[in-house]
Structure formats: C-alpha cells, structure tokens
Amino acid sequence: MLPYATTAGAEAALGRALTGAEAAWLRYSASVPDHLLYCHNVAILLVIYTLAPLPLALFELLTPRAVTSPLKLQPRTRLSPAAFLRCYFDTARVLLLTVGMLSIVSFPVVKMVGIRTGLPLPSLGEAAAQMAVYLLVEDYLGYWIHRLLHTKWGYENIHRVHHEFSAPVGYAAPCAHWAEVLILGVPSFTGPAIVPCHITTLWLWFVVRHIEAIEIHSGLDFPFNPTRLIPFYGGAEFHDYHHRVGGQSQSNFSSVFTFCDYLYGTDKGYKYHKASIAKLKTVLQRSLV
Ligand SMILES: [Zn+2]
Ligand SMILES: [Zn+2]
Numbered sequence: 006m007l008p009y010a011t012t013a014g015a016e017a018a019l020g021r022a023l024t025g026a027e028a029a030w031l032r033y034s035a036s037v038p039d040h041l042l043y044c045h046n047v048a049i050l051l052v053i054y055t056l057a058p059l060p061l062a063l064f065e066l067l068t069p070r071a072v073t074s075p076l077k078l079q080p081r082t083r084l085s086p087a088a089f090l091r092c093y094f095d096t097a098r099v100l101l102l103t104v105g106m107l108s109i110v111s112f113p114v115v116k117m118v119g120i121r122t123g124l125p126l127p128s129l130g131e132a133a134a135q136m137a138v139y140l141l142v143e144d145y146l147g148y149w150i151h152r153l154l155h156t157k158w159g160y161e162n163i164h165r166v167h168h169e170f171s172a173p174v175g176y177a178a179p180c181a182h183w184a185e186v187l188i189l190g191v192p193s194f195t196g197p198a199i200v201p202c203h204i205t206t207l208w209l210w211f212v213v214r215h216i217e218a219i220e221i222h223s224g225l226d227f228p229f230n231p232t233r234l235i236p237f238y239g240g241a242e243f244h245d246y247h248h249r250v251g252g253q254s255q256s257n258f259s260s261v262f263t264f265c266d267y268l269y270g271t272d273k274g275y276k277y278h279k280a281s282i283a284k285l286k287t288v289l290q291r292s293l294v
C-alpha cells in the first residue's frame, strides 16, 4: 500500500509532478494491500495462458491443412478440438492451484528481497535491463533443472507429464506435473531476487516468460517471426526437437537461448538432425533436376 493517498502527497514526496502512468498507478494501487498486488500474478498468468495460445489454436483448427502444414514443425501430428480443450482445462486447474498457493506463501520472500510497489515507476530502460538479466538467469538455471528432470527418477515421477505432447502446441507450454510447475518457479523468481524490481516489472516479466514458453511450444515455424532477430534465441524449432525425441532426449534443454546447450555439448543430436535434413533436401533437389 502506498504511503500517500493523494496526487499532491505523492508529488510532494517525489519532488516533481507525476507522469500519466504514475498518476494511474497511484489511483489503482493506493488502497490495495501489497499482498493483493502480488497475487495479481495468478490472474495475469491465467489470462495470458487463456488468450495468448488462442490465435495459434484457431489457426491450427480452422485453417485448411494445405496452409498450416508448411508451417507445422510436425505436420503429421494434429490435435482434435477435444484434445485442445482437455489440455487447456487440465493445465489451467494445475496452474491455478500451484501458482495460487505459491503466490500466497511466497509473499514474505517477495517483501524480503525488495520488490517495491510504490513510486516512482521504473523507466522503460530500467525494466528492459532487469528483464535481460532475468532471461539470462532463467535460461541458465532452467537448463540445469531441466537436465535433472531428465534423469530416470525425475522423468518418470515428474517430467513425463510435460512430455505427454511429443508434438507440442501453445496450450501445452505450462502442461506439467504440479511439482514441475513449482520447481520451475525457482529460475523465474531467482532473477528478480538478485536484481529486485518494481511489481509492475515483475508482472511484465511473468507475462514475457509465459509468452516465450507458449511461442517455443507452438509447433509452428513462422518465417517472419521477430524472435529470429534475437541473438542465440532457441525458438519453436529448437524446443520442438526436444519434445519430438521425448523422454530419451539428452538434447536442447534450454528454454530461451541456445548457448548453454552449445557450451555443455547437449545440442549434438539436434545439430546432427538438422544436418541430416539438409542433406536429404539436397539429395531430393538433385534427383529432381
Ligand atoms: Zn524435457
Ligand atoms: Zn517443453
């Protein structure tokens, strides 16, 4: 809850006039307790999980196969509308329960690490720099946790739920055992714990992380995807290969970038697969000439 309830009080505390965004934040948050602001995470997550994969699902279900097949990474595998719905409702239930519980019990930690709710709001540059740190931390810790989940015990008891979809779709991105949803909260929250931010940046971080997870599970490879411009970004093709190989996969553990798999030599299967496909295409093109 903010220590000032009026614009005049906030401007006196800051020593300057409020920006439009700051005035809107003051109006919204002045009387909302901090733990309720933090619990907005659950609603934001559910809204993003419901809406962000929807255009992808409608594209797959309503567009003729002749249009979708060239863009699908595994064109032979198609989910029925019933399978999409089952995936959505099963995953939304697990998310609501686990993230809801986690948001309630982790609030003291959020306060302790210094996530702030007051004014001033962060600048765009500050939020972008913090987000870049969070992505790097998420990628590194997520890589090692994912590798551990591919040990025999980790896979059979926890991670196999996420690999139920060997050809993933956007709605399958957070589809996982409840324990995995909790465990993967660690790399997502470690960045903000190391470099504390404003709560609006924390919300934005969870939105960005969630949309990124949906994109890499989309099973679609759009030629003009702007993420292709991000250096070392893995993307849908990189993670789709991990799902295609399944439980035996010892390749492509990173969730964001490609450098951890390169550094630790866990991209060899993927590189071999890509080289084999390229070779096959060359042979086919030569045979058609
Ligand atoms: Zn995996
Ligand atoms: Zn996955």
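For the sequence shown, the numbering used here begins at 6 and goes up steadily by one.
Glycine is no exception: its CB is placed at the ideal position from the N, C-alpha and C atoms.
These figures come from a predicted structure and were not determined experimentally.
Give the C-beta separation of Ala181 and Val191 to the nearest angstrom, bearing in mind that I take them to be a contact with Cβ-Cβ under 8 Å.
Taking the sequence shown and counting its residues from 1, the one referred to as residue 181 is at position 176. Taking the sequence shown and counting its residues from 1, the one referred to as residue 191 is at position 186. Not really, about 14 Å apart at Cβ, beyond 8 Å.
Between the segment 199 to 206 and the segment 109 to 126, can you find at least three pairs of beta-carbon atoms closer than 8 Å?
Counting Cβ pairs under 8 Å, three or more are found: they touch.
Output needed for Ser85: all residues of its chain with C-beta closer than 7 Å, excluding positions within five of it in sequence on either side, in chain order.
Along the sequence shown, read from residue 1 onward, the residue named residue 85 stands at position 80. Correct list: empty, nothing qualifies.
For Leu102 and Leu51, believed in contact at Cβ under 8 Å, the rounded distance
As a position in the sequence shown, residue 51 is number 46, starting the count at 1. As a position in the sequence shown, residue 102 is number 97, starting the count at 1. Rounded, the Cβ-Cβ distance is 12 Å, inconsistent with contact.
In this structure, does DSSP put Tyr9 in helix, strand or coil?
Here residue 9 is taken as the residue at index 4 of the sequence shown, counted from 1. Of the three classes helix, strand and coil, the one that applies to Tyr9 here is coil, per DSSP.
Would you call the segment 142 to 149 and the segment 55 to 71 in contact, with 3 or more CB pairs under 8 Å?
no
Just checking His244 against ligand 2 - is the residue's beta carbon closer than 7 Å to any of the ligand's heavy atoms?
Here residue 244 refers to the residue found at position 239 when the sequence shown is read from its first residue. Under cutoff, so the answer is yes.
Quick one: does the C-beta of Leu154 sit closer than 7 Å to a heavy atom of ligand 1?
Your numbering for residue 154 matches position 149 in the sequence shown. Result yes, Cβ under 7 Å from ligand 1.
Grab me the residues of Ala15's own chain with a C-beta within less than 7 Å of its C-beta, minus the 5 sequence neighbours each way, in chain order.
What you label residue 15 is simply residue 10 of the sequence shown in a count that begins at 1. Cβ within range, chain order: Tyr9, Leu23, Leu31, Leu124.
Helix, strand or coil at Tyr269 [DSSP, three-state]:
Locating residue 269 in the sequence shown gives position 264, counting from the first residue. The answer is coil: DSSP assigns Tyr269 none of H, G, I, E or B.
Using a Cβ-Cβ cutoff of less than 8 Å, which residues in the same chain neighbour Leu42 once the five nearest sequence positions on both sides are dropped?
Taking the sequence shown and counting its residues from 1, one reaches residue 42 at position 37. If you ignore the 5 residues before and after Leu42, its C-beta comes within less than 8 Å of the C-beta of Ser34, Thr122, Ile204, all in its own chain and listed in chain order.
Can you find a heavy atom of ligand 1 that lies under 7 Å from the Cβ of His167?
Start at 1 with the first residue of the sequence shown, and residue 167 comes out as number 162. Yes, the Cβ of His167 comes within 7 Å of a heavy atom of ligand 1.
With Ala177 and Cys92 assumed to form a contact (beta carbons below 8 Å), what rounded beta-carbon distance in angstroms separates them?
In the sequence shown, the residue the question calls residue 177 occupies position 172. In the sequence shown, the residue the question calls residue 92 occupies position 87. Right, the Cβ-Cβ distance comes to about 6 Å (below 8 Å), so this counts as a contact.
Using the Cα positions of Ser223 and Ala26, report the straight-line distance between them to the nearest angstrom.
Position 218 of the sequence shown, counted from the first residue, corresponds to residue 223. Position 21 of the sequence shown, counted from the first residue, corresponds to residue 26. Roughly 33 Å separates the two Cα atoms.
With DSSP as the reference, label Leu225 as helix, strand or coil.
Taking the first residue of the sequence shown as 1, we reach residue 225 at position 220. Strand.
Taking the alpha helix (DSSP H) that Lys157 falls in, what are its first and last residues?
Taking the first residue of the sequence shown as 1, we reach residue 157 at position 152. Per DSSP, Lys157 belongs to the alpha helix (DSSP H) from 157 to 162.
Beta-carbon spacing of Ile163, Ala134 below 8 Å
On the sequence shown, position 158 is the one that residue 163 refers to. On the sequence shown, position 129 is the one that residue 134 refers to. No, the pair does not count as a contact, with Cβ atoms beyond the cut-off.
Between His248 and ligand 2, is there a pair consisting of the residue's CB and a ligand heavy atom that are separated by less than 7 Å?
Along the sequence shown, read from residue 1 onward, the residue named residue 248 stands at position 243. The answer is yes for His248.
In this structure, does DSSP put Phe4 in helix, strand or coil?
Here the chain has residues from 6 to 294 only, and residue 4 is not among them.
If you check the beta carbons only, do Ser260 and Asp144 fall under 8 Å apart?
Taking the sequence shown and counting its residues from 1, the one referred to as residue 260 is at position 255. Taking the sequence shown and counting its residues from 1, the one referred to as residue 144 is at position 139. Between Ser260 and Asp144, the C-beta spacing is below 8 Å.
Do Phe243 and Asn257 count as a contact pair if the criterion is CB distance below 8 Å?
As a position in the sequence shown, residue 257 is number 252, starting the count at 1. As a position in the sequence shown, residue 243 is number 238, starting the count at 1. Yes. Within cutoff.
Are the beta-carbon atoms belonging to Tyr275 and Tyr246 less than 8 Å from one another?
Counting from one through the sequence shown, the residue named residue 275 turns up at place 270. Counting from one through the sequence shown, the residue named residue 246 turns up at place 241. In contact: Tyr275 and Tyr246 (Cβ atoms closer than 8 Å).
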